[in-house]
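Undergrad:
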Amino acid sequence: MKLTDNEKRDVIKYLEASKPLPDKYRFLLFADKQEVELVWNGKTSETTNVVLPFQIIEQVDEPRSEKEIRLQTSLFDLDVRGRQLKGWTNKLIWGDNKLILSSLKNGPLRQEIQEQGGIKLIYIDPPFDVGADFSMNIEVGEEEFTKKPGVLEELAYRDTWGKGADSFIAMIYERLSLMRDLLAEDGSIYVHCDYRVSGYLRLVLDELFGKELIKNEVVWYYQNGGGRSTTWFNRKHDIIFWYTKSKNYVYNGKAAGEKRNTDEGSFGGYFKTDENGRRYQEVRASGKIYKYYVDELKNADDVWDIPIISQRDLTERIGYPTQKPEVLLERIVKASSNEGDIVADFFVGSGTTLAVAEKLGRKWIGSDLGKFSIHTTRKRMIGVQRELAKAGKDFRAFEILNLGKYERQLFIGINPNLREEDKQKQIVQKEKDFIALILSAYKAESFDGFKTFHGKKNSRLVTIGPINLPVSRLFVDAVITEAVEKQITKVDVLAFEFEMGLFPKIQEEAKDKGVDLTLKYIPRDVFDKRAIEKNQVVFYDVSYIEAKPIVKKGMVSVELTDFSVFYNQDSIKEVEENIKAGGKKLVVENGQIIKISKDKNGIVEREILTKKWTDWIDYWAVDFNFESKKEIIRVKNEKTGEIEEVWTGDYVFENEWQDFRTKKKRELVLETPSVEVGKGKRKIAVKVVDIFGNDTMKIIEVTI
Ligand SMILES: C[S@@+](CC[C@H](N)C(=O)[O-])C[C@H]1O[C@@H](n2cnc3c(N)ncnc32)[C@H](O)[C@@H]1O
20 MKLTDNEKRD
30 VIKYLEASKP
40 LPDKYRFLLF
50 ADKQEVELVW
60 NGKTSETTNV
70 VLPFQIIEQV
80 DEPRSEKEIR
90 LQTSLFDLDV
100 RGRQLKGWTN
110 KLIWGDNKLI
120 LSSLKNGPLR
130 QEIQEQGGIK
140 LIYIDPPFDV
150 GADFSMNIEV
160 GEEEFTKKPG
170 VLEELAYRDT
180 WGKGADSFIA
190 MIYERLSLMR
200 DLLAEDGSIY
210 VHCDYRVSGY
220 LRLVLDELFG
230 KELIKNEVVW
240 YYQNGGGRST
250 TWFNRKHDII
260 FWYTKSKNYV
270 YNGKAAGEKR
280 NTDEGSFGGY
290 FKTDENGRRY
300 QEVRASGKIY
310 KYYVDELKNA
320 DDVWDIPIIS
330 QRDLTERIGY
340 PTQKPEVLLE
350 RIVKASSNEG
360 DIVADFFVGS
370 GTTLAVAEKL
380 GRKWIGSDLG
390 KFSIHTTRKR
400 MIGVQRELAK
410 AGKDFRAFEI
420 LNLGKYERQL
430 FIGINPNLRE
440 EDKQKQIVQK
450 EKDFIALILS
460 AYKAESFDGF
470 KTFHGKKNSR
480 LVTIGPINLP
490 VSRLFVDAVI
500 TEAVEKQITK
510 VDVLAFEFEM
520 GLFPKIQEEA
530 KDKGVDLTLK
540 YIPRDVFDKR
550 AIEKNQVVFY
560 DVSYIEAKPI
570 VKKGMVSVEL
580 TDFSVFYNQD
590 SIKEVEENIK
600 AGGKKLVVEN
610 GQIIKISKDK
620 NGIVEREILT
630 KKWTDWIDYW
640 AVDFNFESKK
650 EIIRVKNEKT
660 GEIEEVWTGD
670 YVFENEWQDF
680 RTKKKRELVL
690 ETPSVEVGKG
700 KRKIAVKVVD
710 IFGNDTMKII
720 EVTI
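Numbering (the working numbering), first residue to last: 20 to 723.
1. Using three-state DSSP, classify Thr482 as helix, strand or coil.
2. Would you mind working out which of Lys307, Asp320, Ile191 and Ala566 sits nearest Ser64, comparing C-alpha positions?
3. In the DSSP assignment, find the unbroken beta strand (DSSP E) run with Asp324 in it and report its ends.
4. Is Phe472 helix, strand or coil by DSSP?
5. Which residue comes first and which comes last in the beta strand (DSSP E) that contains Asn421?
6. Tell me whether Tyr339 counts as near ligand 1, meaning its Cβ is closer than 7 angstroms to at least one heavy atom of that ligand.
7. On the three-state DSSP scale, how would you describe Met400?
8. How many angstroms separate the CA atom of Ser218 from the CA atom of Glu56?
9. Can you check the region 507-552 for any beta strand (DSSP E) of at least 3 residues that lies completely inside it and give the ranges in chain order?
10. In whole angstroms, what separates the C-alpha of Gly359 from that of Gly106?
11. Since Asp324 and Tyr240 are thought to touch, with beta carbons under 8 angstroms apart, how far apart are those beta carbons, to the nearest angstrom?
12. Assign Asp678 to one of three DSSP states: helix, strand, or coil.
13. Please tell me whether Leu220 has its Cβ less than 8 angstroms away from any Cβ of chain D.
14. Can you tell me where the beta strand (DSSP E) with Lys291 in it begins and where it stops?
15. Kindly give me the distance between the Cβ atoms of Gly610 and Phe391, rounded to whole angstroms, as I take these residues to be in contact under 8 angstroms.
16. Find out if the Cβ-Cβ distance for the pair Ile76, Met519 is shorter than 8 angstroms.
17. With a threshold of 7 angstroms (Cβ to nearest heavy atom), would Gln506 be considered close to ligand 1?
18. Please state if the CB of Tyr33 and the CB of Leu22 are separated by a distance shorter than 8 angstroms.
19. Quick check on DSSP: helix, strand or coil for Leu140?
20. Let's see if you can read the secondary structure: which residues bound the alpha helix (DSSP H) around Thr371?
21. Could you check if Asp581 belongs to the surroundings of ligand 1, using beta carbon to heavy atom distance under 7 angstroms?
22. Determine the DSSP secondary structure at Ala497, reduced to helix, strand or coil.
23. Which class does Gly206 belong to by DSSP, given the choice of helix, strand or coil?
24. What does DSSP give as the partner residue(s) for Phe645 in the beta ladder?
25. Which stretch, first to last residue, makes up the beta strand (DSSP E) that contains Asn271?
26. When the Cα atoms are used, what is the spatial distance from Thr537 to Glu595?
27. Is the Cβ-Cβ distance between Val302 and Thr281 less than 8 angstroms?
28. Three or more beta-carbon pairs under 8 angstroms between the region 621-636 and the region 548-560, yes or no?
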């Protein structure tokens, strides 16, 4: 380090006065400085290394016909019903991709991924103008209802994007760094963005991957979309950066190519026809003659003229605001991966990358923070499986996973620039404030002296789930254990989200141990002081299913007979007061969607849109032999360092039959076909996903 005596004195002066050092010292004092570097407040090259266990919530595998079973045994073992027994299972993971990436990178799933050759291709399309990404437009009859984001989604949004460009860069930098580490040595990454962040991302990617490893800055040009303007040129392109992890990478230029232009005069040569009648372009350059057949694809340019999916499209559009066209992803997947390779998208949205990967015979991993995205993708992938099954083509089973255990340290909203001990203090304080807030909104008193309980309301003890993660099975197990130990018989668990598939099984288990367990959602307006003061905060119950098994001649079918939800969004009274004459708004109150409209004379009308219980259902599925597939996870044995397979005590819901609404098909079938299941006592699991994307499960017992 070459500091002059003067500079040394200068540095000491600043340090003694507790003042920040001037910028020039950054370049004088630190090693590894980049020639060009993007710097932002709080930049650090440290990445999280937490490992949370993945829990399998559901397995989806469209049964194959006998013919397909014969065809597909080469790919993997199938059972008698044509369901995949062995081999790679595709993965759709619900949760924050930072924790998912870190758990994939550092946890036991890494080995499974490596055994398949690693992740060969990552495509991401991260949201940078996020607001709209978590609000969802849901069709209710003729009307469209905008569901506001869940509290967890909103908190994540506020933490990562709400604070401007540097928070976006900080969030993407850490995730890209984890993705780089996960990528196979000959892998590729494609990062999709637009003019608002492309400049920042270019520098970040140069830094993480090396500027010599950029392959293309692809311009996706869409003539039929984007903005129309009179104050600047129409904005009609996005940017997709393609980087590779090393100089050794996959590029299938021909497979991902484009048609040659067949217009006369569109290239510097002539059209000719060979002896077999095939047309070709003849181009003479540098004394050589080049021959290009018109029916062969040419290596594509880096400007891709591909239409966006139009508003009126009826085949591909799913109703996800940022859905990208499959043609765009097809080019990327074909160019940078081969059949059987793993392709990943950690901001999966409506599942475009996964749908394309499956259709092109690739394996896949996808993740998203939004529950609605996971549900949309589940439906889409079932559609792809059905399509492939019908065409007699191969497809793989997929599973839906989430991150089980939570860690309080991952609390949202902590200032990342604080020192570790101050961070811990802030966490403790925030947690206390949060619990006090929820208890006051629930009108419960605070209560000390327990490991898992926070308060008391009348004769029931109250426990509050973590602020930033769904309540998991492990969490509720700890609550039940303490209740049993201390002879507590009535417990309310309050949470923003519950892990998929948690209830009602957990309540039944608690009941068997003498604990009456109620699970309630914390409404989003707990953060609204006025709502608390006005007594408007309603904690609503988790939903409820009724289903009936019908046994005939040794066969069984299931009929869905009732379903209720207890959601609330906005208050009728407030909307009625504030709505303008001639306006309308949809409100949800205690599980009813109500349209409120005000005519020109100020007369208010209410109309209930959810007339039938079925209006709340988007999707339902049945596992005719629940508890036949144990949930086995791989964990590292801390003593031996070996990876071991252990049973979590839970079972995987095997999605054997399902029906759901799509844009085109609005009606639901309410009874499954009859299925042969074998004699004896058995459990059937019925899962319902409501139009907000939340799951509920019910287990029924039958004897055949
Ligand atoms: C622009 S959309 C992706 C659209 C997708 N390419 C498609 O074709 O449908 C971005 C997605 O990133 C998800 N997302 C945002 N933050 C996330 C996070 N921290 N972890 C995982 N997913 C996240 C959002 O829920 C949203 O679905």
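The beta carbon of each residue, even a glycine, is placed where N, CA and C say it ideally should be.
TA: Based on what the coordinates show:
1. strand
2. Ile191
3. Val322 to Asp324
4. coil
5. Phe417 to Leu422
6. yes
7. helix
8. It should be pointed out that residue 218 corresponds to Gly in this sequence rather than to Ser. Taking the straight line from one Cα to the other gives about 12 angstroms.
9. 509-514 and 535-540
10. 11 angstroms
11. 5 angstroms
12. strand
13. Annotation note: the requested chain D is absent from the structure, which comprises a single protein chain.
14. Tyr289 to Thr292
15. So it is not a contact: roughly 18 angstroms between Cβ atoms.
16. yes
17. no
18. no
19. strand
20. Thr371 to Lys378
21. no
22. helix
23. strand
24. Lys702
25. Asn271 -> no beta strand (DSSP E), and no H or E assigned at all.
26. 32 angstroms
27. no
28. no
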